[in-house]
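The structure appears right after this line, and notes come after that.
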């Protein structure tokens, strides 16, 4: 019966790059399972500033998009499609029913929440305890791995947004990285020259 | 039977101010229930820096001290006794048994984790998006409410530790607050003169 409940209610959707699936407060679509593609979960303040919390790749599951079924969660994340993606959505009310009736589902919810909690603690550690140069080096390595390329088509503006800092800070640091022969800058893109050096810097 | 399991295994302990109950990694004492007193939960990095995540007052429960029974939690918090405290401890193995067998206990675990997750998101928002002056103003108000006094016996060093910054930064800001007639500084303590002003500043 539970199998049927899932089978008849799970919705498969294709999203284009750039689409905002969940837009913070008051939205509670349900459990999101990424079949393929790439989503970014970020947190937005009242002032419109944002910070990337985690990314969802193939087979990743997001429970924060069903946060309304969990008591005590008083914040919400926004989900943005970073690459064209196929996702499955189990609606919040369906997941809520299963979660209530089935201990194994509840255990799974607990594990999903704990995983994201750990992700967020990692982000906080980066922010609080690492210098911006370290964070930028780590970000470039991560992006390169996500893009599967040593050339990144990304603006200083977008990098700054991801790292919650000003564009000027990023531009200055990238100039410094270029001087150190870690990267090569060109209009609208940058090429990583020295992965080993970036790794060392990212600590 | 579950009632007996709790009854025979819950340990009541009195802790003196200054005692570290849980010391980060590898410790997993169990569920900690504060009868009275005050505990501080903080996160420590390998380099020994720390950041306050939340405080536990009367009737508060800490599940992070039983994090070993929850999958996917890969960080750990330290618990420090800030005021002499009476606490009840339900050992991790006992809580683990109840959590496995009983859906209501699992739901309670989920709620406890979610509560702390929300606390941590709040702290992160403070750190990432607020200026240090705002954070300091908020900290002074919170301390005053915890101490139930407008005079705080707290060193600049301790404030700096709580806000993860340098003592010099705090001393400079407090001097500024004094000039603004928000506080009055004296050796080893400070008196809040203008709560409304601090509230306004804390945003």
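Residue numbers (the working numbering), protein chains in the order written: chain A, 426 to 628; chain B, 426 to 628.
In this text, a Cβ means the ideal position worked out from N, Cα and C, and glycines have one as well.
Only a predicted model underlies this, so the values are computations on that prediction, with no experimental measurement involved.
**Report entry** Heavy atom of the ligand SAH within 7 Å of residue 601 of chain A beta-carbon
**Finding:** The model on display carries no ligand, and the ligand SAH is accordingly not part of it.
Report task. For the stretch 518 to 542 of chain B, enumerate the residues whose C-beta is nearer than 9 Å to any C-beta of chain A, in chain order. Result -> 524, 525, 526, 527, 528, 531, 532, 534, 535, 536, 537, 538, 539, 540, 541 and 542
Query raised in the report: Since residue 557 of chain B and residue 512 of chain B are thought to touch, with beta carbons under 8 Å apart, how far apart are those beta carbons, to the nearest angstrom?
Result: By one-based count along the second chain, residue 557 of chain B stands at place 132. By one-based count along the second chain, residue 512 of chain B stands at place 87. No, residue 557 of chain B and residue 512 of chain B are not in contact; Cβ-Cβ is about 33 Å, not under 8 Å.
Report task. Counting only runs of 3+ residues fully inside the stretch 456 to 531 of chain B, write out the beta strand (DSSP E) ranges in chain order. Result -> 475 to 481 and 502 to 516
Query raised in the report: Roughly how far, in whole angstroms, is the beta-carbon of residue 563 of chain A from the beta-carbon of residue 627 of chain A, given that I think they are within contact range, below 8 Å?
Result: Reading the first chain from its first residue, position 138 is the one you call residue 563 of chain A. Reading the first chain from its first residue, position 202 is the one you call residue 627 of chain A. The Cβ separation is near 4 Å, so the contact holds.
**Report entry** Proximal chain B residues relative to residue 468 of chain A, where beta-carbon distance stays under 8 Å
**Finding:** For the purposes of this step, residue 468 of chain A is identified with residue 43 of the first chain, where counting begins at 1. Ordered by position in chain B, the residues that pass the 8 Å Cβ test against residue 468 of chain A are 546, 549 and 550.
Query raised in the report: In the DSSP assignment, what are the bridge partners of residue 616 of chain A?
Result: Within the first chain, residue 616 of chain A is the residue found at index 191, counting from 1. According to DSSP, which records beta bridges pairwise, residue 616 of chain A is partnered with A:576 and A:609.
Query raised in the report: According to the neighbour-count rule (16 or more other Cβ atoms, all chains shown, within 10 Å of its Cβ), is residue 602 of chain B buried or exposed?
Result: What you label residue 602 of chain B is simply residue 177 of the second chain in a count that begins at 1. Buried.
Requested in this report: In the DSSP assignment, find the beta strand (DSSP E) that holds residue 454 of chain A and state where it starts and stops.
Outcome: If you number the first chain from 1, residue 454 of chain A lands on position 29. Where residue 454 of chain A is concerned, there is no enclosing beta strand (DSSP E), given that its DSSP letter is neither H nor E.
Report task. Please report how far the alpha carbon of residue 497 of chain A lies from the alpha carbon of residue 536 of chain A, in whole angstroms. Result -> In the first chain, counting from the first residue as 1, residue 497 of chain A sits at position 72. In the first chain, counting from the first residue as 1, residue 536 of chain A sits at position 111. Cα to Cα, the separation comes out at about 16 Å.
Query raised in the report: Are the C-beta atoms of residue 447 of chain B and some chain A residue less than 8 Å apart?
Result: Counting from 1 along the second chain, the entry for residue 447 of chain B is found at position 22. Closer than 8 Å: no.
Report task. Tell me whether residue 437 of chain A sits in a helix, a strand or coil according to DSSP, three-state version. Result -> Indexing the first chain from 1 puts residue 437 of chain A at position 12. Three-state result, residue 437 of chain A: strand.
Query raised in the report: Is any beta-carbon of chain A found at less than 8 Å from that of residue 497 of chain B?
Result: Translated into the one-based positions of the second chain, residue 497 of chain B becomes position 72. Closer than 8 Å to some Cβ of chain A, the Cβ of residue 497 of chain B qualifies, so yes.
Query raised in the report: Any contact of the stretch 485 to 493 of chain A with the stretch 454 to 464 of chain A, i.e. 3+ C-beta pairs under 8 Å?
Result: yes
Query raised in the report: Cβ of residue 600 of chain B within 8 Å of Cβ of residue 619 of chain B?
Result: Numbered from its first residue, the second chain carries residue 600 of chain B at position 175. Numbered from its first residue, the second chain carries residue 619 of chain B at position 194. Not in contact: residue 600 of chain B and residue 619 of chain B (Cβ atoms no closer than 8 Å).
Report task. Kindly list, in the order they appear in chain E, the residues whose Cβ is closer than 8 Å to that of residue 433 of chain A. Result -> Structure shown: chain E not included; protein chains present are A and B.
**Report entry** Candidates B:440, B:465 and B:499: closest to residue 487 of chain B by CA position
**Finding:** Numbered from its first residue, the second chain carries residue 487 of chain B at position 62. Of B:440, B:465 and B:499, the residue nearest in Cα terms is B:465.
Query raised in the report: With 16 as the cutoff for other CB atoms within 10 Å, does residue 549 of chain A come out buried or exposed?
Result: To locate residue 549 of chain A, count along the first chain from 1; it is residue 124. By the 10 Å Cβ count, residue 549 of chain A comes out buried.
Requested in this report: Would you mind sorting residue 501 of chain A into buried or exposed? The rule is 16 or more other CB atoms within 10 Å of its CB.
Outcome: Taking the first residue of the first chain as 1, we reach residue 501 of chain A at position 76. That one is buried.
Query raised in the report: Would you call residue 581 of chain A buried or exposed, if buried means 16 or more other Cβ atoms sit within 10 Å of its Cβ?
Result: Residue numbering aside, residue 581 of chain A sits at position 156 when the first chain is read from its first letter. So residue 581 of chain A counts as buried.
Query raised in the report: Which term fits residue 484 of chain A, buried or exposed, when burial requires 16 or more other beta carbons within 10 angstroms of its beta carbon?
Result: Residue mapping note: residue 484 of chain A aligns to position 59 of the first chain, counting from 1. It is exposed - the Cβ of residue 484 of chain A has fewer than 16 other Cβ atoms within 10 Å.
Query - Those residues which DSSP pairs with residue 447 of chain A across a bridge - result: The sequence position of residue 447 of chain A within the first chain is 22, counting from 1. Looking at the DSSP assignment, residue 447 of chain A forms a beta bridge with A:504.
Query raised in the report: With a CB to CB cut of under 8 Å and the five nearest residues on each side skipped, what residues in its chain are close to residue 446 of chain B?
Result: Position 21 of the second chain, counted from the start, is the residue given in the question as residue 446 of chain B. These residues qualify, in order along the chain: 440, 454, 457, 464, 490, 504, 505, 506 and 512.
Report task. Compare the C-beta of residue 564 of chain B against all C-beta atoms of chain A and say whether one is closer than 8 Å. Result -> Residue 564 of chain B sits at position 139 when you count from the first residue of the second chain. Not one chain A Cβ lies under 8 Å of residue 564 of chain B.
Query raised in the report: According to DSSP, is residue 379 of chain A helix, strand or coil?
Result: Residue 379 of chain A lies beyond the stretch modelled for chain A, which goes from 426 to 628, so this question has no answer here.
Query raised in the report: If we count the other Cβ atoms within 10 Å of its Cβ and call it buried at 16 or more, is residue 517 of chain B buried or exposed?
Result: The residue you call residue 517 of chain B lines up with position 92 of the second chain. Buried: at least 16 other Cβ atoms inside 10 Å.
Report task. To the nearest angstrom, report how far apart residue 615 of chain B and residue 573 of chain B are at their CA atoms. Result -> The residue you call residue 615 of chain B lines up with position 190 of the second chain. The residue you call residue 573 of chain B lines up with position 148 of the second chain. So the two alpha carbons sit approximately 14 Å from each other.
Query raised in the report: Is the beta carbon of residue 434 of chain B sitting closer than 8 Å to the one on residue 552 of chain B?
Result: Start at 1 with the first residue of the second chain, and residue 434 of chain B comes out as number 9. Start at 1 with the first residue of the second chain, and residue 552 of chain B comes out as number 127. No, they are not a contact pair.
Report task. Express the C-alpha separation of residue 530 of chain A and residue 523 of chain A in angstroms, rounding to a whole number. Result -> For this step, residue 523 of chain A is matched to residue 98 along the first chain. For this step, residue 530 of chain A is matched to residue 105 along the first chain. Cα-Cα distance, rounded: 6 Å.
Query raised in the report: What residue does the alpha helix (DSSP H) around residue 600 of chain A start on, and which one ends it?
Result: Numbered from 1 along the first chain, position 175 holds the residue referred to as residue 600 of chain A. 592 to 604 is the span of the alpha helix (DSSP H), which, as asked, contains residue 600 of chain A.
Query raised in the report: How many Å lie between residue 467 of chain A and residue 430 of chain B at the Cα?
Result: As a first step, residue 467 of chain A is located in the first chain; it is residue number 42 there, counting from the start. As a first step, residue 430 of chain B is located in the second chain; it is residue number 5 there, counting from the start. Approximately 42 Å, taken between the alpha carbons.
**Report entry** Classification of residue 475 of chain B by the beta-carbon crowding that lies within 10 angstroms, buried from 16 upward
**Finding:** Position 50 of the second chain holds residue 475 of chain B. With 16 or more other Cβ atoms within 10 Å, it is buried.
**Report entry** Contact list for the stretch 477 to 502 of chain A against chain B, Cβ threshold 8 Å
**Finding:** 495, 496, 497, 498, 499 and 500
Report task. Identify whether residue 625 of chain B lies in helix, strand or coil by the three-state DSSP scheme. Result -> Stepping through the second chain from its first residue, residue 625 of chain B is reached at position 200. Residue state, collapsed to three classes: helix.
Query raised in the report: Just to confirm, are residue 495 of chain B and residue 538 of chain B a CB contact at a threshold of 8 Å?
Result: Residue 495 of chain B sits at position 70 when you count from the first residue of the second chain. Residue 538 of chain B sits at position 113 when you count from the first residue of the second chain. Going by C-beta atoms, residue 495 of chain B is nearer than 8 Å to residue 538 of chain B.
Requested in this report: With DSSP collapsed to three states, give me the class of residue 556 of chain A.
Outcome: Here residue 556 of chain A refers to the residue found at position 131 when the first chain is read from its first residue. Residue 556 of chain A falls in the coil class under three-state DSSP.
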